[in-house]
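Just below is one structure, and these are the notes that go with it.
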Amino acid sequence: MKTQVAIIGAGPSGLLLGHLLRRQGIGCVVIERQSPDYVLSRIRAGVLETVTTDLMEQLGIDARMHAEGLIEEGFNLADGDRLIRIDITALTGKHVTVYGQTELTRDLMAAAPERGLEIVYEAKDVAIHGVEGDSPSVTYAIDGVEHRIEADFIAGCDGFHGPSRKAIPAPLVREFERVYPFGWLGILADVPPCHHELIYANGPRGFALASMRSNTRSRYYIQVPLTDTLDQWPEERLWDELALRFDPISEKGVTRGPALEMSIAPLRSFVFETMRHGRLFLAGDSAHIVPPTGAKGLNLAASDVAYLAEALAGHYRDGSEAGLAGYEARALARIWKAERFSWYLTKLMHRFPEDGSFEHRMQSAEIDYVASSTAMQKVIAENYVGLPL
Ligand code: FAD
Ligand code: DHB
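Residue 236 in UniProt numbering sits at position 236 of the sequence shown, with consecutive numbering throughout.
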């Protein structure tokens, strides 16, 4: 098979890129290792910046997002029992939208057939060939039968564990990494949220986040040691912990209910430079990871593919190489600022095992400063809603 752009990975970055390219009449195929059900079972991001919702609007895949997404005009930081509201709309004129990654992915998948976006699921042994030359290709196996797609370009949208990043020779790359000494234990349940806005809470028992997917579905996270496993966290233990954190500071207190999903995710900051090798371009989690504290991962994936789609469209429209040559620098400028914000908010809001009473006082002093300073609140708000493309 032959196409113009072979896209590896049907997560948010691969699907968004596929739709953006199809809209420009560019041929592409998405190659995904998992089944559609598996992709949709991964519960991850919940907060979308306007950069991401604008892309969905431009694609005309925004009806359900607008109907069901929750507009959030503020969020809260808590230090112990003190709640500090960041009024993002008053400070920036913008808002964020609570709409699950699962739903966004579902919408992009559902719109694929009518827009001629082909997605190959359950592709095993995906391998990349010839990106240093003029005729790269991707091979994969379905039911033991090998297939090959020849393309002009390959987009590596295959997340942190995919093959694309590994296809770039080590001498050509630099990696920047910070692994945090804790993870997030998350729970999703069909219970009303404890508060009408998100609360990021720092307290003596560690970090906790109260989030939601709708007015009837809650998403909570707490900081846990990296050694913790799910069997150490029966649902009741987690609900007890969440009640301790959020009952004193939220409007309604924590409502308990059966878990639809529970998982533990490690926290990491990671940037891979370079994002281009010959005819291979990386986008999204394949090139960078942020700790989830700033809600930036999916939104960065969206800005990467917006830049990449523009660059590829320029190439096919008038043969211009300028966009492709400038992709990495353009993407990295936004990535590093989101890395900084996610790292900052992670450091501000978590209990680090190595920290003592001095560091805790520093955190409290900083949160107190945020509470008293509109300038600080504005800095946080403009980063949280997302820096311009
Ligand atoms: P992925 O979603 O990882 O998609 C990559 C795809 O490639 C997958 O479908 C995978 O199956 C496929 N793949 C992998 N290997 C292969 C292979 N060998 N062959 C073919 N296909 C392959 N971000 C936010 O913006 N806001 C939030 O609120 C937020 N909260 C988060 C909360 C948690 C607990 C976690 C874990 C993450 C959160 N994120 C958040 C981050 C966000 O989920 C990711 O940044 C986002 O999924 C990145 O999209 P992607 O398409 O680049 O990668
Ligand atoms: C959610 C996840 C985040 O990482 C975040 O910062 C806010 C919300 C969520 O899953 O709802």
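For every residue, glycine included, the Cβ atom is placed at its ideal position computed from N, Cα and C.
This one's a predicted model, so the numbers in the text were calculated from it and none came from an experiment.
With a contact defined as Cβ atoms closer than 8 Å, Arg106 and Leu40 qualify at about 6 Å. The set of residues with a C-beta under 5 Å from any non-hydrogen atom of the ligand DHB comprises Gly46, Val47, Ser211, Arg219, Pro292 and Ala295, given in chain order. For Gly186, the shortest separation between its Cβ and any heavy atom of the ligand FAD lies below 7 Å.
By the Cβ rule, the region 256 to 273 counts as touching the region 227 to 247, because three or more pairs are nearer than 8 Å. Within a 10 Å sphere around the beta-carbon of Met212 sit 16 or more other beta-carbons, which makes this residue buried. Collapsing the DSSP output to three states places Arg42 in coil. At the C-beta level, Pro192 and Ser218 come within 8 Å of one another. Distance from the CA atom of Asp152 to the CA atom of Gln24, rounded to whole angstroms, is 16 Å.
The region 293 to 370 contains no complete beta strand (DSSP E) run of 3 or more residues.
Pro204: not part of any alpha helix (DSSP H); DSSP gives it neither H nor E. For the options Asp125, Val385 and Arg276, the alpha carbon positioned closest to that of Gln34 is the one of Asp125. Remark: the C-beta of Cys194 is outside contact range of the ligand FAD, defined as less than 7 Å to any heavy atom. Per DSSP, the continuous beta strand (DSSP E) segment holding Trp184 begins and ends at Arg174 to Ala189. Listed in chain order, the non-local C-beta contacts of Val370 below 7 Å within the same chain comprise Leu77, Ile84, Met376, Gln377 and Ile380, local neighbours out to five positions each way being set aside. Per the coordinates, the alpha-carbon of Ile199 lies some 10 Å from the alpha-carbon of Asp79. Short note on Cys157: C-beta closer than 7 Å to some heavy atom of the ligand FAD.
The secondary-structure analysis by DSSP pairs Ile264 across a beta bridge with Leu185. At least one heavy atom of the ligand FAD sits closer than 7 Å to the Cβ of Glu32.
In this structure, DSSP gives Arg106 a helical state, which the three-state scheme calls helix. At the C-beta level, Leu308 and Phe281 come within 8 Å of one another. Looking at the backbone, the Cα of Val120 and that of His66 are separated by about 29 Å.
Checking the 7 Å criterion, the Cβ of Asp285 is within range of a heavy atom belonging to the ligand FAD.
In terms of Cβ geometry, Glu273 and Arg361 do not form a close pair [threshold 8 Å]. Proximity to Ile43 across Trp343, Leu185 and Arg340 peaks at Leu185, based on C-alpha coordinates.
Leu267 places its beta carbon 8 Å or farther from that of Pro12. For Asn215, no beta strand (DSSP E) run applies, since DSSP gives it neither H nor E. Comparing C-alpha distances from Thr346 to each of Tyr99, Phe207, Val47 and Asp368 shows the shortest one belongs to Phe207.
A residue is called buried once 16 or more other Cβ atoms fall within 10 Å of its Cβ, and Tyr220 is buried on that count. Taking 8 Å as the cut-off, the beta carbon of Ala123 is found closer than this to the beta carbon of Tyr140. In this structure, His129 lies near Pro136, with their beta-carbon atoms less than 8 Å apart.
If you check the C-beta of Ser13 against the ligand FAD, you find a heavy atom less than 7 Å away.
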